[in-house]
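To convert, note that position 74 of the sequence shown is 65 in this note's numbering; the numbers rise steadily by one, no gaps.
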Amino acid sequence: MWKRSQHLVSRSLGVTAIIALSCATFSCSKSGMSGIVKEKNAADQAAATEPTPAQGPTEAKTTTDTLSIPSAITGVLLTCFQDEKINEKQTVICGMLDSTSFIKVDLTKTYSSFRFESTQADALTVAQEPLSSYSKYHVRFTITAKSTADLDANIENTKFSFNAVEAGSGRKIAAAPISRDQTAPVRNFNFIRNSRARTDGTFRCMDNFSWQKSSYLVQTYLCNTRSLAQDWFVTPDNKIAHALGRCLTMGISGNSPTASGLPVDCSDPTVPTWTVTGPQIRQVGTNNCLAENTTDIASSGDQVSVLVLAPCDGSSAAQKFAIGSY
């Protein structure tokens, strides 16, 4: 059984910041970017959607690339927030979100090139990787120092920004640099939780505690409102995905009824698809359903359970889930 006290990890969500994009000319029209359609339950989807690239072509800097800030483009926010801090390493998630729905914008539809950037102290090194097209955000920055003390002393001054060239017009735009704690006023959170309340009225939510080690299991844990670890949803192509773009599979070996849930790349061939029928989440092509491990529930004081596959049983409380958002 997995216990959170075993892992020295901290997360924080910061203050609100609405970050306006700016044009390189004084004639600046509203951006025509459209957000990704909000994910629905598997039962509501008839077909899969084709993933789009998370990162566009990189535009080379030149000495003539200058930006003025004459007016704001409404409709888009740059948001960044702390993901995990483990010893001398910190990860930060950034994305460009629609300012009304707070859903990730498809950057490839509006920009001919774009890039996310960071500025940081010499004591820090920063690596950047695009997140999966299944993710609700665009990039993950990994910030590393020689020691925890060096990280703590310098992380607050690290800034993140976004630069792009509009397709068609060739206009250069930029988002003002922001810190790791400047998030959208409201971020969309999804959840998958057990359907039967505990004795105190609370529930257990699907939870992945860390991306740092591939051996970590997907579990249910006491629901923590707006926790990134518990932001799971059913995708339009009927996979179960996390907000950072990893998908649920049931063990490295495939579809064993005793295999525990693992987070893997959504393109992994072991990732199953699911059908949501009432409170049950059934693995397509099998008679297996997603379930909590009742032994874990009993031994943890009703607080935590790894997720497993079990033969579908409509009377089993361990196989009954609620899927929603807030």
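All residues carry an ideal CB built from backbone N, CA and C; glycine is no exception. Quantities reported herein were computed from a predicted structural model and do not represent experimental measurements.
Hey, SER251 and VAL297 are a contact pair by Cβ (cut 8 angstroms); roughly how many whole angstroms apart?
Counted from its first residue, the sequence shown places residue 251 at position 260. Counted from its first residue, the sequence shown places residue 297 at position 306. 5 angstroms between Cβ atoms; contact.
Can you give the Cα-Cα distance for VAL275 and THR240, rounded to whole angstroms? Start at 1 with the first residue of the sequence shown, and residue 275 comes out as number 284. Start at 1 with the first residue of the sequence shown, and residue 240 comes out as number 249. Spanning the two alpha carbons is a distance of roughly 13 angstroms.
My understanding is that LYS127 touches GLY161, with C-beta atoms under 8 angstroms, so please give their C-beta distance in whole angstroms.
In the sequence shown, residue 127 corresponds to position 136, counting from 1. In the sequence shown, residue 161 corresponds to position 170, counting from 1. Cβ atoms of LYS127 and GLY161 stay farther apart than 8 angstroms, at about 29 angstroms.
Roughly how many angstroms separate the alpha carbons of THR230 and PRO260, rounded to a whole number?
-> In the sequence shown, the residue the question calls residue 230 occupies position 239. In the sequence shown, the residue the question calls residue 260 occupies position 269. Correcting the residue identity first, residue 230 is Lys in this sequence and not Thr. Distance between the alpha carbons of LYS230 and PRO260: 12 angstroms.
Practice task
Could you tell me the distance, in whole angstroms, from the CA atom of ARG171 to the CA atom of GLU120?
Solution key: Mapped onto the sequence shown, residue 171 falls at position 180. Mapped onto the sequence shown, residue 120 falls at position 129. Rounded to whole angstroms, ARG171 to GLU120 spans 16 angstroms at the Cα level.
Find out if the Cβ-Cβ distance for the pair SER104, VAL156 is shorter than 8 angstroms.
-> Sequence index remark: in the sequence shown, residue 104 carries index 113 (1-based). Sequence index remark: in the sequence shown, residue 156 carries index 165 (1-based). Cβ distance < 8 angstroms, so SER104 and VAL156 count as in contact.
When you compare only the Cα positions, how much space is there between ILE94 and GLY315? Against the sequence shown, residue 94 aligns to sequence position 103. Against the sequence shown, residue 315 aligns to sequence position 324. If you draw a straight line from the Cα of ILE94 to the Cα of GLY315, it is about 16 angstroms long.
8 angstroms Cβ shell around TYR317 - same chain, five flanking residues per side excluded
As a working mapping, residue 317 is identified with position 326 in the sequence shown. Hits under 8 angstroms: PHE180, PHE182, THR216, ARG217.
Query - Residue environment, GLU75, which counts as buried when at least 16 other CB atoms sit within 10 Å - result: In the sequence shown, residue 75 corresponds to position 84, counting from 1. Per the 10 Å Cβ criterion, buried.
query: Terminal residues of the continuous alpha helix (DSSP H) containing THR285?
result: On the sequence shown, residue 285 is found 294 positions in, with the first residue counted as 1. It spans 285 to 290 - the alpha helix (DSSP H) in which THR285 sits, taken as one unbroken run.
CA nearest to the CA of LEU68, picked from ILE134, ILE169, SER258, CYS196:
Numbered from its first residue, the sequence shown carries residue 68 at position 77. Answer by Cα proximity: ILE169.
Check: Starting from LEU239 and walking both ways along the beta strand (DSSP E), at which residues does that stretch end?
Finding: Working through the sequence shown from its first residue, we reach residue 239 at position 248. For LEU239, the enclosing beta strand (DSSP E) starts and ends at 237 to 240.
Note to self: By the DSSP assignment, the alpha helix (DSSP H) with ASP143 in it spans what residues?
What the structure shows: Along the sequence shown, read from residue 1 onward, the residue named residue 143 stands at position 152. Run containing ASP143: 139 to 145, per the alpha helix (DSSP H) assignment.
Practice task
Pair every Cβ in the stretch 77 to 91 with every Cβ in the stretch 129 to 143, then say whether three or more of these pairs are closer than 8 angstroms.
Solution key: With the cut-off at 8 angstroms, the stretch 77 to 91 and the stretch 129 to 143 touch.
Out of VAL130, TYR102, ARG273, VAL267, which has the shortest C-alpha to C-alpha gap to ILE164? Your numbering for residue 164 matches position 173 in the sequence shown. Nearest option by C-alpha distance: TYR102.
request  = Would you check if the distance between the CB atom of LEU142 and the CB atom of VAL209 is smaller than 8 angstroms?
outcome  = For the purposes of this step, residue 142 is identified with residue 151 of the sequence shown, where counting begins at 1. For the purposes of this step, residue 209 is identified with residue 218 of the sequence shown, where counting begins at 1. No.
message = Just to confirm the assignment, what range does the beta strand (DSSP E) spanning ARG217 have?
response = Residue numbering aside, residue 217 sits at position 226 when the sequence shown is read from its first letter. Element bounds for ARG217: n/a, residue is neither H nor E.
message = If distances are taken between C-alpha atoms only, which option among SER152, ARG184, GLN111, ASP89 comes closest to GLN271?
response = Residue numbering aside, residue 271 sits at position 280 when the sequence shown is read from its first letter. Here the closest residue by C-alpha is ARG184.
May I have the straight-line CA-CA distance separating THR116 from SER186, to the nearest angstrom? By one-based count along the sequence shown, residue 116 stands at place 125. By one-based count along the sequence shown, residue 186 stands at place 195. Computed Cα separation, rounded: 44 angstroms.
Cβ neighbours of GLU50 in the same chain (closer than 7 angstroms, five flanking residues each side left out):
To locate residue 50, count along the sequence shown from 1; it is residue 59. A caution first: GLU50 carries a pLDDT of 37, below 50, which makes its placement in the model too unreliable to give a value.
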